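Taken in sequence, the protein lines are chains W and B.
Be aware that the first sequence starts at 45, since it is given in this note's numbering, and climbs by one per residue.
Be aware that the second sequence starts at 45, since it is given in this note's numbering, and climbs by one per residue.
The structure under discussion appears below in the form of structure tokens.
Number of protein chains: 2
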Amino acid sequence: MKIIPGPASKQLGEKIAELIGVEAVPLVFKTYPDGESYVRLDATIENDDVAIIQTTSPPQDTRLMQLALIADAAKRHGAAKVTAIVPYLAYARQDKVFLKGEAVSIETIARMLKAAGVDSLITVNVHEAKVLKKFPFPSKTVSAIPLLAEYLKKKGFEKAFALAPDDGALWLAEEAKTILGGECGYLEKRRDYYTGKLTMEKKELDVYGKTVIIFDDLISTGGTIASAAKIMKTAGAHSVYAACVHPLFIGDAEKRILDAGVEEIVGTDSVSSSVSKVSVAPLISNALKELKSG
Amino acid sequence: MKIIPGPASKQLGEKIAELIGVEAVPLVFKTYPDGESYVRLDATIENDDVAIIQTTSPPQDTRLMQLALIADAAKRHGAAKVTAIVPYLAYARQDKVFLKGEAVSIETIARMLKAAGVDSLITVNVHEAKVLKKFPFPSKTVSAIPLLAEYLKKKGFEKAFALAPDDGALWLAEEAKTILGGECGYLEKRRDYYTGKLTMEKKELDVYGKTVIIFDDLISTGGTIASAAKIMKTAGAHSVYAACVHPLFIGDAEKRILDAGVEEIVGTDSVSSSVSKVSVAPLISNALKELKSG
């Protein structure tokens, strides 16, 4: 197996290649003045299984296109099997028809990646794991929550209350709880599909005087975490922290969350950011080793 | 047949629907704060043949993704046949392996569009028509050069010298010549594939004292047209004009061309720009009528 670090995950890709002890294929990459991406594999990959590491945080369309072009280049020049490692998988929230007439974006993208040359896919904490069942190739999602919880445990957060901002994320809080050893719970969140308006409330959660860590798969504009944090503060939480796998941090998300009373944010390097304190490299390396031997 | 004007070609799409006298399907379109596109067809298209009008000038990756999502929405909600009308088709210049290890981007994109739901494609002056033969669905390219030449003829440019900046574009100049009734010719252009450096020269062309119109399929940064214009001025051309199908105008392209001595630039609305003086709507309408009856 050879690793191809894509332009969006160059550092992470090189780290993974080093961890599993395989060659990182050098990629010549440029962007033309008009914005088109150009890719060229600068080593032979004939008859090799290759894994392309490319996250698809914003600019997601461009990064998806780069991933597709690398997959095409790999297949065209003789790769036996192409695995796409997409630490953050864009468009995963449009995973069904909410209103008549909509696309199911994530399924469209999976079909497109297959057409480009992708044979299997590994991602980290996809928004809903069940969406992968509709993908036209073997796919799996691995969870970085244990890595985040271990990191927090070492930092002295044992027994902290693990909070999910909605019931969809409850399993993340439960996963964290098995490591932190405290309690867990979730808030009620409802979104109006026409207006996009969000309402959240707390039901039967006792967080008074406790240290609360909000766990979520991603932070986009930070609205969800900020609302959750305010509810926790109002409920008398002693202090509030936030942990997420994918720190997208759109606009002033970080400031917004800190302004809401969150003491610290911890994220992974699935998306490079100021809070990427935990690396998903070991997680992905293990998944790739299983793939190699399996 | 119904027309779906995509977000990148809303006006052009509505014009085409009006010209052929069919319904323009309203599209609910938005961009999420993180940059993901959302599409929803706001009318039923069950069992209808639909044509999506969406140009893919910069931001090309985002516009390609929007096209793919609309195709998915159309197919998912019952469209019988989906034709993609892509006035400017991005990535068409990466149409073969120039250096070992490269992707063939335009073929990757065609396969991806098919996977998204596209059944056939119509474009305007694709860079090299032969690339369409590799597409996994019926495709055709129509030429807007006659429309540009007619426009220029009416403006008093009969008998002008039609110049192609390279031999690949010679057929464009020849097409214009049949309408303008003057001479035509081309410059020698060579590109170094490693450095991207361009060299151009004039061989056996007599343009002394003549009005020259440079014809090309697209203007990106304007470098090619500016170089050609300077060569024409040095060779004693009386005046120099530029006509192109796709005015991408990257950066200060327009200024660069005018600074090189070009009196005026004429382009089409395949890409909305300050020089989109000629509409490709009648051209596309005719191609669609043929498709309907054929």
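Every residue gets a Cβ at the ideal spot worked out from N, C-alpha and C, and that includes glycine.
No experiment lies behind these values; they were computed from the predicted model shown.
CB-CB length for residue i against residue j, believed under 8 Å
i: D260/B; j: L327/B; result: In fact, because the Cβ distance is near 18 Å, the residues do not count as touching under 8 Å.
i: G240/B; j: K274/B; result: Not really, about 19 Å apart at Cβ, beyond 8 Å.
i: V94/W; j: K46/W; result: 5 Å
i: T106/W; j: V130/W; result: With 8 Å as the limit, T106/W and V130/W do not qualify as a contact, their Cβ atoms being about 14 Å apart.
i: D86/B; j: V126/B; result: Contact doesn't hold; Cβ gap of about 17 Å is too wide.
i: K177/W; j: E151/W; result: That belief does not hold up - the Cβ atoms of K177/W and E151/W are roughly 10 Å apart, past 8 Å.
i: L262/B; j: V289/B; result: 7 Å
i: D210/B; j: E172/B; result: Rounded, the Cβ-Cβ distance is 12 Å, inconsistent with contact.
i: T312/B; j: L192/B; result: 7 Å
i: Y195/B; j: V319/B; result: 11 Å between Cβ atoms; not a contact.
i: V251/W; j: A279/W; result: 5 Å
i: A27/B; j: L63/B; result: A query on residue 27/B cannot be resolved here, the shown segment of chain B reaching from 45 to 338 and no further.
i: Q110/W; j: V69/W; result: Q110/W to V69/W, Cβ: 15 Å. No contact.
Within-8 Å CB hit, residue i to chain B
i: A159/W; result: yes
i: L216/W; result: no
i: I294/W; result: yes
i: H121/W; result: yes
i: P77/W; result: yes
i: A286/W; result: no
i: R155/W; result: yes
i: T185/W; result: no
i: L111/W; result: no
i: E298/W; result: no
i: A134/W; result: yes
i: I172/W; result: Per the sequence shown, the amino acid found at residue 172/W is Glu instead of Ile. E172/W does not count as touching chain B.
i: A95/W; result: no
i: S271/W; result: no
i: D116/W; result: yes
i: T106/W; result: yes
i: S149/W; result: yes
i: G200/W; result: no
i: E245/W; result: no
Interface flag, residue i vs chain W, CB-CB below 8 Å
i: P103/B; result: yes
i: M98/B; result: Sequence check: residue 98/B is Gln here, not Met. So no, Q98/B is outside the interface.
i: E90/B; result: no
i: V83/B; result: yes
i: K177/B; result: no
i: D86/B; result: yes
i: V251/B; result: no
i: D303/B; result: no
i: E67/B; result: no
i: T167/B; result: no
i: T152/B; result: yes
i: K144/B; result: yes
i: E194/B; result: no
i: E334/B; result: no
Strand pairing of residue i, partner residues [DSSP]
i: F259/B; result: A287/B
i: S264/W; result: Looking at the DSSP assignment, S264/W forms no beta bridge with any residue, so it has no partner.
i: T243/W; result: R234/W
i: D93/B; result: K125/B
i: E146/B; result: R84/W
i: G229/B; result: L207/B
i: F73/W; result: V83/W
i: K198/W; result: For K198/W, which the question treats as bridged, DSSP gives no partner whatsoever.
With 16 other Cβ atoms within 10 Å as the buried cut-off, status of residue i
i: F142/B; result: exposed
i: E219/B; result: buried
i: G57/W; result: buried
i: N390/W; result: As shown, chain W starts at 45 and ends at 338. That puts residue 390/W outside it, with no answer to give.
i: R137/B; result: buried
i: P291/B; result: buried
i: E80/B; result: buried
i: R155/W; result: buried
i: G266/W; result: buried
i: T75/W; result: exposed
i: S317/B; result: buried
i: Q339/B; result: In this structure chain B extends from 45 to 338, so residue 339/B is not present and cannot be described.
i: Y285/B; result: buried
i: K221/W; result: buried
i: R234/B; result: exposed
Any chain A beta carbon closer than 8 Å to residue i
i: G212/W; result: The chain inventory of the structure shown lacks chain A, comprising the protein chains W and B.
Residue i beta carbon near the ligand NAP (any heavy atom closer than 7 Å)
i: T167/W; result: The ligand NAP is not part of this structure, which contains no ligands at all.
Residues in the region 253-266 of chain B with C-beta within 8 Å of chain W's C-beta atoms, listed in sequence order? S264, T265
Residues, ordered as in the chain, of the region 214-241 of chain W that lie near chain B by beta-carbon distance below 8 Å: Only those residues of the region 214-241 of chain W whose C-beta falls short of 8 Å from the nearest C-beta of chain B would be listed, and there are none.
Near-chain B residues of the region 51-63 of chain W - C-beta to any C-beta below 7 Å: Of all residues in the region 51-63 of chain W, none has a Cβ within less than 7 Å of some Cβ in chain B.
Which residues of the region 311-330 of chain B have a Cβ closer than 7 Å to any Cβ of chain W? Give them in chain order. For the region 311-330 of chain B, which is checked against every Cβ of chain W, not one residue is closer than 7 Å.
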